[in-house]
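Okay, so here's the structure we're looking at.
Chains as they are written, first to last, in the working numbering: chain A, 1 to 121; chain B, 1001 to 1121; chain C, 2001 to 2121; chain D, 3001 to 3121.
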């Protein structure tokens, strides 16, 4: 694994914005449409795994692993595009949600089971 | 917008891995299951926009905007988790896919239309 | 429109079951995997509409309309397959859900707005 | 299982159309929006199975089985609504697609494997 792995979201927002602008695609890039495109990409990722047992690395061909990499990148690109369109700061949003999830799923209630937090007793 | 907006993916991978480990959730976190969870979160995002006109910022209530922020964070968290499980480096994957998209959609063919690249003449 | 439009679900269940059996696909057709396949098909349908304005019939090319027809058929086929695997009777399930929806969305509260029932005051 | 299991699609189209009309929901029921709603329901179905092993009937609680039944009904209802909006006859579309699938996946090539037809050699 790389020593570092950093995403400069501000720069990626700018690059995708320029990409859309050069193609006169702003007319198509409403938040609604981007939410659809993101969901479509997430399903293309899902499709790779649909008939597999667990999708572990050893179960994937190198071609499938490469496809996962590409679809995952598309999911992230549309996520970043949507964040840009709605002025959402992802550097803030992600740790906030992680904190929320930790509170929804305290270790003592969540350990070893996959229940939704709404089903905890 | 923030002066900077950086995601330290390596650190986020480690945090999510620790979160899963503490809850004994590795048994559930197969790549296949995570691809499902990612798709479910992408659909929860989609749901917010389903009856809206464009989903522009001014069409969203502050509550809806906050929901978008939260669902987007979950999409990114599962994307990062999947990348971790399959040793995918996102700092490499994203610019590679952007480059591919630029080649699939050259400005002169893509300008002003939303055709899929497979339909270019 | 046809004078009648009837689906013989029992027969369709049997046909799909035979189709899977002949291909030795029962090993892949777990309810979990079929729920994934169904979701993938629903997204292929979604993809057709992602950059369109409303997707009204006059906005669709005859090729797109045909694609919608095909993807919709796949959604229904996997729905029927899942119902078969879990012994769900769709002739009962559909009117029951319609009745539930009518109670969740009474005319006086739902008229002219697209709020979710959980947000009614 | 019931001796018969029949869906009268024409009648279901009329009932859903009346349901939407009474609530002044035609403004929201564009084909595009219905494709989103359908995809959202398919994901709610997917969510039930996301952490399960196979989702076989014996692995589901009676509550989960009931949820599957309800989400499946919603998928079918939106499918029928979309077919109505675009004048698609499902009694024709389904056997046509089944025939297509049989040609894409001939027994001798498909037996015992889950490859996509585009990968057959």
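In this text, a Cβ means the ideal position worked out from N, Cα and C, and glycines have one as well.
Own chain residues within Cβ distance below 8 Å of residue 3003 of chain D, not counting five before or after: For the purposes of this step, residue 3003 of chain D is taken as the residue at position 3 of the fourth chain. Answer for residue 3003 of chain D: no residue qualifies.
Backbone secondary structure at residue 6 of chain A - three-state DSSP: The residue labelled residue 6 of chain A in the question sits at position 6 within the first chain. The answer is strand: DSSP assigns residue 6 of chain A an E or B state.
Heavy atom of the ligand MN within 7 Å of residue 1010 of chain B beta-carbon: Here there are no bound small molecules, and the ligand MN is not part of this structure.
For residue 2084 of chain C, the nearest candidate out of D:3091, D:3074, D:3081 and D:3068 (CA to CA): In the third chain, counting from the first residue as 1, residue 2084 of chain C sits at position 84. Checking every option, the nearest Cα to that of residue 2084 of chain C belongs to D:3068.
Exposure of residue 3075 of chain D, with buried meaning 16 or more beta-carbon neighbours within 10 Å: Indexing the fourth chain from 1 puts residue 3075 of chain D at position 75. So residue 3075 of chain D ends up on the buried side.
Minimum Cβ-Cβ distance from residue 2001 of chain C to chain B less than 8 Å: The sequence position of residue 2001 of chain C within the third chain is 1, counting from 1. Residue confidence for residue 2001 of chain C is low, a pLDDT of 49 falling below 50, so the modelled location carries little weight and cannot support an answer.
Chain-ordered residues of the stretch 31 to 47 of chain A with a beta carbon less than 7 Å from chain C: 33, 36, 37, 39, 40, 43, 46 and 47
Residue 1016 of chain B burial status per 10 Å Cβ neighbour count (16 or more: buried): As a first step, residue 1016 of chain B must be located in the second chain, where it is residue number 16. Residue 1016 of chain B should be labelled buried.
Option in B:1113, B:1121, B:1012 and B:1117 with minimal Cα separation from residue 22 of chain A: As a first step, residue 22 of chain A is located in the first chain; it is residue number 22 there, counting from the start. Answer by Cα proximity: B:1113.
Whole-angstrom distance between residue 1010 of chain B and residue 43 of chain A, CA atom to CA atom: As a position in the first chain, residue 43 of chain A is number 43, starting the count at 1. As a position in the second chain, residue 1010 of chain B is number 10, starting the count at 1. Rounded to the nearest angstrom, the two C-alpha atoms are 25 Å apart.
Partner residues on chain A for residue 2122 of chain C, Cβ-Cβ distance less than 9 Å: Nothing about residue 2122 of chain C can be read from this structure; chain C reaches only from 2001 to 2121.
Against chain D: residues of the stretch 1049 to 1074 of chain B by CB proximity under 8 Å: 1049, 1050 and 1051
Residue 49 of chain A classed as buried or exposed, judged by whether at least 16 other C-beta atoms fall within 10 angstroms: Position 49 of the first chain holds residue 49 of chain A. Residue 49 of chain A is buried by the Cβ-count criterion.
Three-way DSSP call (helix, strand, coil) for residue 81 of chain A in this model: Within the first chain, the letter at position 81 stands for residue 81 of chain A. In the structure shown, residue 81 of chain A sits in a helix (DSSP, three-state: H, G or I).
Residue 62 of chain A, DSSP secondary structure in three states: Stepping through the first chain from its first residue, residue 62 of chain A is reached at position 62. Here residue 62 of chain A sits in helix by DSSP.
For residue 2034 of chain C, the first and last residue of its enclosing alpha helix (DSSP H): For the purposes of this step, residue 2034 of chain C is identified with residue 34 of the third chain, where counting begins at 1. First-last of the alpha helix (DSSP H) with residue 2034 of chain C: 2031 to 2049.
Distance, residue 37 of chain A Cα to residue 2051 of chain C Cα: Taking the first residue of the third chain as 1, we reach residue 2051 of chain C at position 51. Taking the first residue of the first chain as 1, we reach residue 37 of chain A at position 37. If you take the alpha carbons of residue 2051 of chain C and residue 37 of chain A, they lie about 9 Å apart.
Euclidean distance between Cα positions of residue 1039 of chain B and residue 2034 of chain C: Start at 1 with the first residue of the second chain, and residue 1039 of chain B comes out as number 39. Start at 1 with the first residue of the third chain, and residue 2034 of chain C comes out as number 34. One C-alpha to the other measures close to 15 Å.
Residues near residue 3121 of chain D in its chain [Cβ-Cβ closer than 7 Å; skip 5 each side]: The residue given as residue 3121 of chain D occupies position 121 in the fourth chain. If we look at residue 3121 of chain D and ignore the five residues flanking it on each side, it has no Cβ neighbours.
Contacts that residue 114 of chain A makes with chain D (C-beta to C-beta distance below 7 Å): Within the first chain, the letter at position 114 stands for residue 114 of chain A. Those within 7 Å of residue 114 of chain A in chain D are 3051.
Assigned secondary structure, residue 71 of chain A (DSSP; H/G/I helix, E/B strand, else coil): Position 71 of the first chain, counting from 1, holds the residue named residue 71 of chain A. Looking at residue 71 of chain A - three-state DSSP - the assignment turns out to be helix.
Nearest to residue 1058 of chain B (by Cα), restricted to the options A:26, A:55 and A:87: On the second chain, position 58 is the one that residue 1058 of chain B refers to. The residue with the shortest Cα to Cα distance from residue 1058 of chain B is A:87.
Below-8 Å beta-carbon distance, residue 1016 of chain B vs any chain D residue: Looking up residue 1016 of chain B in the second chain gives position 16. Output row for residue 1016 of chain B: interface = no.
Backbone CA spacing between residue 105 of chain A and residue 3064 of chain D [nearest angstrom]: As a position in the first chain, residue 105 of chain A is number 105, starting the count at 1. As a position in the fourth chain, residue 3064 of chain D is number 64, starting the count at 1. In a straight line, the C-alpha of residue 105 of chain A is about 21 Å away from that of residue 3064 of chain D.
Endpoints, the alpha helix (DSSP H) within which residue 2057 of chain C is located: Numbered from 1 along the third chain, position 57 holds the residue referred to as residue 2057 of chain C. It is not in any alpha helix (DSSP H) - residue 2057 of chain C carries neither H nor E in the DSSP assignment.
C-beta atoms of residue 3012 of chain D and residue 2094 of chain C nearer than 8 Å: Translated into the one-based positions of the fourth chain, residue 3012 of chain D becomes position 12. Translated into the one-based positions of the third chain, residue 2094 of chain C becomes position 94. Yes, they are a contact pair.
Buried versus exposed call for residue 3097 of chain D [16 or more other C-beta atoms within 10 Å across all chains shown]: Taking the first residue of the fourth chain as 1, we reach residue 3097 of chain D at position 97. The residue is buried, with at least 16 neighbouring Cβ atoms inside 10 Å.
Separation of residue 2102 of chain C from residue 2108 of chain C, as counted between CA atoms: Along the third chain, read from residue 1 onward, the residue named residue 2108 of chain C stands at position 108. Along the third chain, read from residue 1 onward, the residue named residue 2102 of chain C stands at position 102. The alpha-carbon atoms of residue 2108 of chain C and residue 2102 of chain C are separated by roughly 11 Å.
Rounded C-alpha distance that separates residue 2020 of chain C from residue 2030 of chain C: Position 20 of the third chain, counted from the first residue, corresponds to residue 2020 of chain C. Position 30 of the third chain, counted from the first residue, corresponds to residue 2030 of chain C. Roughly 12 Å separates the two Cα atoms.
Proximal chain D residues relative to residue 1028 of chain B, where beta-carbon distance stays under 7 Å: One-based indexing of the second chain puts residue 1028 of chain B at position 28. Result: 3051.
Whole-number beta carbon distance between residue 71 of chain A and residue 45 of chain A, since they are thought to touch under 8 Å: Position 45 of the first chain, counted from the start, is the residue given in the question as residue 45 of chain A. Position 71 of the first chain, counted from the start, is the residue given in the question as residue 71 of chain A. That belief holds up - the Cβ atoms of residue 45 of chain A and residue 71 of chain A are roughly 4 Å apart, short of 8 Å.
Straight-line gap, residue 3077 of chain D to residue 32 of chain A (C-alpha atoms, nearest Å): Taking the fourth chain and counting its residues from 1, one reaches residue 3077 of chain D at position 77. Taking the first chain and counting its residues from 1, one reaches residue 32 of chain A at position 32. Their Cα atoms are separated by approximately 23 Å.
Minimum Cβ-Cβ distance from residue 111 of chain A to chain B less than 8 Å: Along the first chain, read from residue 1 onward, the residue named residue 111 of chain A stands at position 111. Yes, contact with chain B.
Cβ distance (whole Å) where residue 1111 of chain B is taken to contact residue 24 of chain A below 8 Å: Here residue 1111 of chain B refers to the residue found at position 111 when the second chain is read from its first residue. Here residue 24 of chain A refers to the residue found at position 24 when the first chain is read from its first residue. Yes, residue 1111 of chain B and residue 24 of chain A are in contact; Cβ-Cβ is about 5 Å, under 8 Å.
Chain-ordered residues of the stretch 85 to 102 of chain A with a beta carbon less than 9 Å from chain B: 85, 86, 87, 88, 89, 90, 91, 92, 93, 94, 95, 96, 97, 98, 100, 101 and 102
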